[in-house]
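J.: Be aware that the sequence shown starts at 46, since it is given in the working numbering, and climbs by one per residue. Note that beta-carbon positions come from the ideal geometry of N, C-alpha and C, so glycine has one too. Sending over a structure as structure tokens; questions will come in a sec.
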Amino acid sequence: MKRIFTVLSAGLFTMSFAQQNLVKDISSSNPQVYHTVSKSVAGCIQEVPSNNLQNGSVLGDVINQAIAADILVPSGDSFTISSIKVNLIGASSFVNLIFYSDIDGKPGAVVDILNNVNTNSVMIGTNYGFDYYRHTVNLSAPLTLSGGTKFWMEVQSDARAWENQNAVVSGSNFAYRNSSTSQVWMLNGVGEEVVYTLEGNCAVLGVDNTEFGKLAFYPNPVKSTITFAEKVSQISLFDMTGKSVKSILTNANTVDLSFLTKGNYIIQYTTKSGKKVSNKLIKY
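Here is the structure:
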């Protein structure tokens, strides 16, 4: 039987657990990229979804292991988090949340600590003989992270593990540290992310149609499928009032937008190189 929890050590390769008129007919032969000119506040979600309760990364245990997920915030933006959801394995009596700055792509200095947060816990399923729980934390005082970098969120709990999956990676693989790494943060090496959802408000970038000469995506206007210059991992769509329309997790350089109604949108996406970009989009 497959063991649900895998342990990383220094000797192992990984560990688990103001609106402008829009231009027309933008294509691969007529590329155009928009630059930032204004901001608006909108509902925002950043998440890594469950992959059918795939696996888990040990919390604590005899190796005193810590796990952290990265939070992407684009330059010039801010992310005010009001709700946090994490999927943990096994019953728990407490949940602590620790937020770090980023240093060289790994957790750095502590920027905030939320101890013994109140959670609404719901069992969402069972796999490998373990119960999986989704814990929802509604913050009494929203946490604001300023942009231009990434942050990291560690979960401390007496739960057995933090659910992970390898279907979608948003930003970096999860980070871990334990007694085998001398408590030095390392990145998981096998393309795994822990499962979480962050909800709140983002500063959504407004855009105009100045040409930069580098293709971001095409065609624009779009009827169904758009193609990006490189693979993207997370897409957020907003209407022109800043209201969130849809969040999409992917690992491709194309996405089907045929479900959108005709109109103007702002599309915000994260490239596989970690850059977060905001463009104006026309759906016809």
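1) Below 8 Å between beta carbons: does that hold for Gly136 and Glu199?
2) Exposed or buried, what is Ile148 when buried is set at 16 or more other beta-carbons lying within 10 Å of its beta-carbon?
3) Going by DSSP, which residues form a beta bridge with Ile271?
4) So Gly101 is in the beta strand (DSSP E); what residue range does that whole segment cover?
5) Distance check for Leu282 and Ser269, CA to CA, integer angstroms please.
6) Comparing the CB of Ala111 with every heavy atom of the ligand ATP, is any distance shorter than 7 Å?
7) In chain order, what residues of the same chain have a beta carbon less than 8 Å from the beta carbon of Thr189, not counting five sequence neighbours either side?
8) Whole angstroms are fine: how far does the CA of Thr306 sit from the CA of Gly153?
9) What residue range does the beta strand (DSSP E) around Ala114 cover?
10) Rounded to whole angstroms, how far is the Cβ of Leu302 from the Cβ of Val267, which I believe are closer than 8 Å?
11) Tell me whether Ala297 is buried or exposed, calling it buried when 16 or more other Cβ atoms sit within 10 Å of its Cβ.
12) Can you tell me whether DSSP reads Lys291 as helix, strand or coil?
13) So, does the region 223-232 touch the region 166-179, judging by three or more C-beta pairs under 8 Å?
14) Give a yes or no on whether the C-beta atoms belonging to Gln279 and Tyr314 are separated by under 8 Å.
15) Should Asp203 go down as buried or exposed, given a rule of 16 or more other Cβ atoms within 10 Å for buried?
16) If you count every other CB in all the chains shown that lies within 10 Å of the CB of Ile169, and 16 or more means buried, which is it?
17) Enumerate, from N- to C-terminal direction, the unbroken beta strand (DSSP E) stretches of 3 or more residues contained entirely within the region 217-253.
18) In whole angstroms, what separates the C-alpha of Lys288 from that of Cys247?
19) State buried or exposed for Lys325, treating a residue as buried only when at least 16 other CB atoms are found within 10 Å of its CB.
20) Here's a check: name, in chain order, each residue in its chain whose Cβ is nearer than 7 Å to the Cβ of Asp157, leaving out the five neighbours to either side.
21) Would you tell me roughly how many angstroms separate the C-alpha atoms of Ile312 and Lys151, rounded to the nearest one?
22) Work out the CA separation of Ile129 and Asn75 for me, nearest whole Å.
23) Within a Cβ cutoff of 6 Å, which residues of the same chain sit near Val118, ignoring the five residues on either side of it in sequence?
T.: Taking the coordinates as given:
1) In the sequence shown, the residue the question calls residue 136 occupies position 91. In the sequence shown, the residue the question calls residue 199 occupies position 154. Going by the sequence as given, residue 136 is Ala instead of Gly. No, these two residues do not count as a Cβ contact at 8 Å.
2) Taking the sequence shown and counting its residues from 1, the one referred to as residue 148 is at position 103. Ile148 is exposed by the Cβ-count criterion.
3) One-based indexing of the sequence shown puts residue 271 at position 226. Per DSSP, Val300.
4) Translated into positions along the sequence shown, residue 101 becomes position 56. It spans 100-103 - the beta strand (DSSP E) in which Gly101 sits, taken as one unbroken run.
5) In the sequence shown, counting from the first residue as 1, residue 269 sits at position 224. In the sequence shown, counting from the first residue as 1, residue 282 sits at position 237. Those two C-alpha atoms are separated by around 14 Å.
6) Within the structure as shown, the ligand ATP is missing, as the structure has no ligands at all.
7) Walking along the sequence shown from the start, residue 189 turns up at place 144. Ser123, Phe124, Thr125, Ile126.
8) Counting from one through the sequence shown, the residue named residue 153 turns up at place 108. Counting from one through the sequence shown, the residue named residue 306 turns up at place 261. Computed Cα separation, rounded: 43 Å.
9) By one-based count along the sequence shown, residue 114 stands at place 69. Its beta strand (DSSP E) spans residues 111-118.
10) As a working note, residue 302 is residue 257 in the sequence shown. As a working note, residue 267 is residue 222 in the sequence shown. About 6 Å; that satisfies the 8 Å criterion.
11) Working through the sequence shown from its first residue, we reach residue 297 at position 252. Its Cβ having fewer than 16 others within 10 Å, Ala297 is exposed.
12) The count along the sequence shown starts at 1 and reaches residue 291 at position 246. If DSSP states are grouped into helix, strand and coil, Lys291 belongs with the strands.
13) no
14) Position 234 of the sequence shown, counting from 1, holds the residue named residue 279. Position 269 of the sequence shown, counting from 1, holds the residue named residue 314. Yes, these two residues count as a Cβ contact at 8 Å.
15) Residue mapping note: residue 203 aligns to position 158 of the sequence shown, counting from 1. The residue is exposed, with fewer than 16 neighbouring Cβ atoms inside 10 Å.
16) By 1-based counting over the sequence shown, the position of residue 169 is 124. Classification for Ile169: exposed.
17) 220-222, 241-252
18) For the purposes of this step, residue 288 is taken as residue 243 along the sequence shown, with counting starting at 1. For the purposes of this step, residue 247 is taken as residue 202 along the sequence shown, with counting starting at 1. Whole-angstrom Cα-Cα distance: 10 Å.
19) Position 280 of the sequence shown holds residue 325. Answer is buried; the Cβ neighbour count reaches 16.
20) To locate residue 157, count along the sequence shown from 1; it is residue 112. The answer, listed in chain order, is Phe144, Leu188.
21) Position 267 of the sequence shown, counting from 1, holds the residue named residue 312. Position 106 of the sequence shown, counting from 1, holds the residue named residue 151. Cα to Cα, the separation comes out at about 28 Å.
22) Your numbering for residue 75 matches position 30 in the sequence shown. Your numbering for residue 129 matches position 84 in the sequence shown. Low local confidence applies: a pLDDT of 41 at Asn75 is under 50, so the model's placement there is unreliable, with the coordinate-based value given in what follows. Looking at the two C-alpha atoms, the distance is approximately 41 Å.
23) For the purposes of this step, residue 118 is identified with residue 73 of the sequence shown, where counting begins at 1. Hits under 6 Å: Phe124, Leu190, Gly192.
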